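Participant: Pasting in a structure now, in C-alpha cells, and then I'll have a few things to ask.
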Amino acid sequence: MELDRLDRDIIAALVDDARQTYAEIGHRVGLSASAVKRRVDRLRELGAITGFSARVAPQALGWTTEAYVELFCQGKTKPSDIALAVTRFPEVVGAATITGEADALLHIRATDVRHVERVIERIAAEAFVVRTKSAIVLSRLVDATHNPSVPEVRNESPSTG
Numbered sequence: 001m002e003l004d005r006l007d008r009d010i011i012a013a014l015v016d017d018a019r020q021t022y023a024e025i026g027h028r029v030g031l032s033a034s035a036v037k038r039r040v041d042r043l044r045e046l047g048a049i050t051g052f053s054a055r056v057a058p059q060a061l062g063w064t065t066e067a068y069v070e071l072f073c074q075g076k077t078k079p080s081d082i083a084l085a086v087t088r089f090p091e092v093v094g095a096a097t098i099t100g101e102a103d104a105l106l107h108i109r110a111t112d113v114r115h116v117e118r119v120i121e122r123i124a125a126e127a128f129v130v131r132t133k134s135a136i137v138l139s140r141l142v143d144a145t146h147n148p149s150v151p152e153v154r155n156e157s158p159s160t161g
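Under this note's numbering, the residue at position 105 of the sequence shown is numbered 105, and the numbers go up by one with no gaps.
Okay, structure coming up:
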C-alpha cells in the first residue's frame, strides 16, 4: 500500500483529532474538503484507515493498574491459539509474540493488583500455558497511545553530485 505525503498528512490530522471536519483537515494539508473526503474514502477502501474511535482514559473506567505478562507456552503453540485464548479477557488490551524465552507478551489493565492477579491466574489456567512472568507498571514514562504520530517516510536516493 503506497501512501503519498498528502495521505500521510491527512492520516496524521485524523490521528490528532478524528472529529475534525474535512474542511479543517483540508486547510491543514492544502486541499479542498471534497478532495480530503475522496482521499479518506480511498484510504478506508485500501484498509489504511480501519475505523474511527474515541480514546478514553483507562482511569475513567476504573482501570488504574496495569501489568505486562510474559507467557511461556507448551511445545509449538500457534500464535493464533494464543490470540484466540487471550481475546476472551477484556483486561488484555494488547498481546504480541516476542523474541527471547517467552512466547508472548500481554498488556493487562485492571482495577487493582488483586484484579491483575485473578486475570493472570485465569490465563495461566489455559491448557497451553506452562508458566507466566509478570511485571506491574509503577508509572508510565512515555505513552504514545495518547499522542500517536505518523512516522515520516523519507525516500532517500544517492545524490548525483
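Every residue gets a Cβ at the ideal spot worked out from N, C-alpha and C, and that includes glycine. Treat the numbers as computed from the prediction; the structure is a model and nothing was measured.
#1: Thinking just about the alpha-carbon of each residue, which of L6, R8 and G75 is nearest to the one in A127?
#2: Tell me the rounded alpha-carbon separation between A13 and T64.
#3: Counting only the same chain and skipping the five closest in sequence on each side, list residues whose C-beta sits under 6 Å from that of S62.
#4: Could you check if V56 is buried or exposed, using at least 16 other CB atoms within 10 Å of its CB as the buried criterion?
#5: Quick one: residues in its chain with C-beta nearer than 6 Å to the C-beta of E156, no 5 flanking neighbours on either side, listed in chain order?
#6: Taking the Cβ atom as the reference point for each residue, do A23 and A35 lie within a distance shorter than 8 Å?
#7: So, at 7 Å on beta carbons, what are the nonlocal neighbours of T87 in its own chain, with the 5 sequence-adjacent residues on each side left out?
#8: For the alpha helix (DSSP H) containing G168, list its first residue and its last residue.
#9: For the region 65-98, list the alpha helix (DSSP H) runs that are entirely contained and at least 4 residues long, ordered along the chain.
#10: Going by alpha carbons, who is nearest to E66 out of L141, A135, D143 and V142?
#11: Whole angstroms is fine: what's the gap from V130's alpha carbon to A95's?
#12: Between which residues of its own chain and K133 is the CB-CB distance below 6 Å, once the five residues before and five after are set aside?
#13: Do you know offhand how far L46's Cα is from Y68's?
#14: In whole angstroms, what is the alpha-carbon distance linking A48 and E117?
#15: Drop a sphere of 10 angstroms on the beta-carbon of L84, count the other beta-carbons inside from all chains shown, and report buried for 16 or more, exposed for fewer.
#16: Compare the C-alpha of V93 against each of E101, I11, D103 and I108 and name the closest.
Facilitator: This is what the structure gives:
#1: Working through the sequence shown from its first residue, we reach residue 127 at position 127. The residue with the shortest Cα to Cα distance from A127 is G75.
#2: In the sequence shown, residue 13 corresponds to position 13, counting from 1. In the sequence shown, residue 64 corresponds to position 64, counting from 1. A straight-line Cα-Cα distance of about 29 Å links A13 and T64.
#3: Position 62 of the sequence shown, counting from 1, holds the residue named residue 62. According to the sequence provided, residue 62 is Gly. The question's Ser does not apply to it. Within its own chain, the residues whose Cβ lies closer than 6 Å to the Cβ of G62, once the five positions on either side in sequence are excluded, are T111, listed in chain order.
#4: Your numbering for residue 56 matches position 56 in the sequence shown. Exposed, because fewer than 16 other Cβ atoms sit within 10 Å of the Cβ of V56.
#5: By one-based count along the sequence shown, residue 156 stands at place 156. Any reading at E156 must be qualified, since the residue scores a pLDDT of 44, below 50, and its modelled position is unreliable; no value is offered.
#6: On the sequence shown, position 23 is the one that residue 23 refers to. On the sequence shown, position 35 is the one that residue 35 refers to. No.
#7: As a position in the sequence shown, residue 87 is number 87, starting the count at 1. The answer is none, since no qualifying residue turns up.
#8: With the chain running from 1 to 161 in the structure shown, residue 168 is simply not present.
#9: If only uninterrupted alpha helix (DSSP H) runs of at least 4 residues are considered, those enclosed by the region 65-98 are 79-86.
#10: Locating residue 66 in the sequence shown gives position 66, where the first residue counts as 1. Nearest C-alpha to E66 among L141, A135, D143 and V142: A135.
#11: The sequence position of residue 130 within the sequence shown is 130, counting from 1. The sequence position of residue 95 within the sequence shown is 95, counting from 1. Those two C-alpha atoms are separated by around 17 Å.
#12: Sequence index remark: in the sequence shown, residue 133 carries index 133 (1-based). Cβ within range, chain order: E70.
#13: Along the sequence shown, read from residue 1 onward, the residue named residue 46 stands at position 46. Along the sequence shown, read from residue 1 onward, the residue named residue 68 stands at position 68. Cα to Cα, L46 sits roughly 33 Å from Y68.
#14: For the purposes of this step, residue 48 is identified with residue 48 of the sequence shown, where counting begins at 1. For the purposes of this step, residue 117 is identified with residue 117 of the sequence shown, where counting begins at 1. So the two alpha carbons sit approximately 37 Å from each other.
#15: What you label residue 84 is simply residue 84 of the sequence shown in a count that begins at 1. With fewer than 16 Cβ atoms within 10 Å of its Cβ, L84 is classed as exposed.
#16: Start at 1 with the first residue of the sequence shown, and residue 93 comes out as number 93. Of E101, I11, D103 and I108, the residue nearest in Cα terms is I108.
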